[in-house]
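Let me begin by presenting the structure, written as structure tokens, before commenting on it.
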Amino acid sequence: MLKKIDCVMIRVNDVPAAMNFYSDVFGLKPVWRDEQTGQVGLLFQDSDVEIVLHNDANIPGQVEVHYLVDDVVAAVQKYTEQGCTILTEPFNIRIGKCAVIQDPFGIRLCILDMSKGAFEYNLP
């Protein structure tokens, strides 16, 4: 079952400039940065939902909403049994697993779990 929106992934050309813009203009709070992948997470003021800015061309789509599930592998199995198709098989991410499915109406859904634990916030 989809539990909540975990994050909105946004691909940008210049992550530091976009981080400053989203922080200054939209009031989002930078809370973590992954030097290894070049990603940065920003929190909405009244929520635990993040915008994740990145410049990785291997991450599908320019803007993707990622939905949190308990277990990606189990969710993919359940959703494909109910008519969804797998666009990207489950794969490892730093906090757990991720997959991309498509519903019968052609809508892409990125799902992820936190089976390895939440990302540690490392920005002031």
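In my numbering, the protein residues as written are 2 to 125. Every residue, glycine too, gets a C-beta built ideally from N, C-alpha and C.
key: Per DSSP, the bridge partner or partners of cysteine 99   = Its beta-bridge partners are Phe92 and Leu113.
ask   = When the distance is taken between beta carbons, is cysteine 111 closer than 8 Å to tyrosine 68?
value = The answer is yes: Cβ separation under 8 Å.
task = Thinking isoleucine 60 and methionine 10 are a contact (beta carbons under 8 Å), I'd like their distance in whole angstroms, please.
result = Isoleucine 60 to methionine 10, Cβ: 6 Å. Contact.
inquiry  = Between Val32, Leu54, Asn14 and Glu36, which has its C-alpha nearest glutamine 46's C-alpha?
reply    = Among Val32, Leu54, Asn14 and Glu36, the Cα nearest to that of glutamine 46 is on Val32.
ask   = In whole angstroms, what separates the C-alpha of threonine 89 from that of aspartate 25?
value = About 35 Å.
task = To the nearest angstrom, report how far apart isoleucine 102 and glutamate 36 are at their CA atoms.
result = Separation of isoleucine 102 and glutamate 36 (C-alpha to C-alpha, rounded to the nearest whole angstrom) is 28 Å.
key: Option nearest valine 13 by Cα separation, candidates Lys30, Ile6 and Gly39   = For the set Lys30, Ile6 and Gly39, the Cα lying nearest the Cα of valine 13 is the one of Gly39.
query = Considering only C-alpha positions, which residue in the set Asp57, Pro105, Ala100 and Val70 is nearest to glycine 118?
reply = By alpha-carbon distance to glycine 118, the top candidate from Asp57, Pro105, Ala100 and Val70 is Val70.
inquiry  = Just to confirm before moving on: does the CB-CB distance between phenylalanine 120 and glycine 42 stay below 8 Å?
reply    = In contact: phenylalanine 120 and glycine 42 (Cβ atoms closer than 8 Å).
Exposure label - isoleucine 52; buried when at least 16 CB within 10 Å = Classification of isoleucine 52: buried, given that the 10 Å Cβ count is 16 or more.
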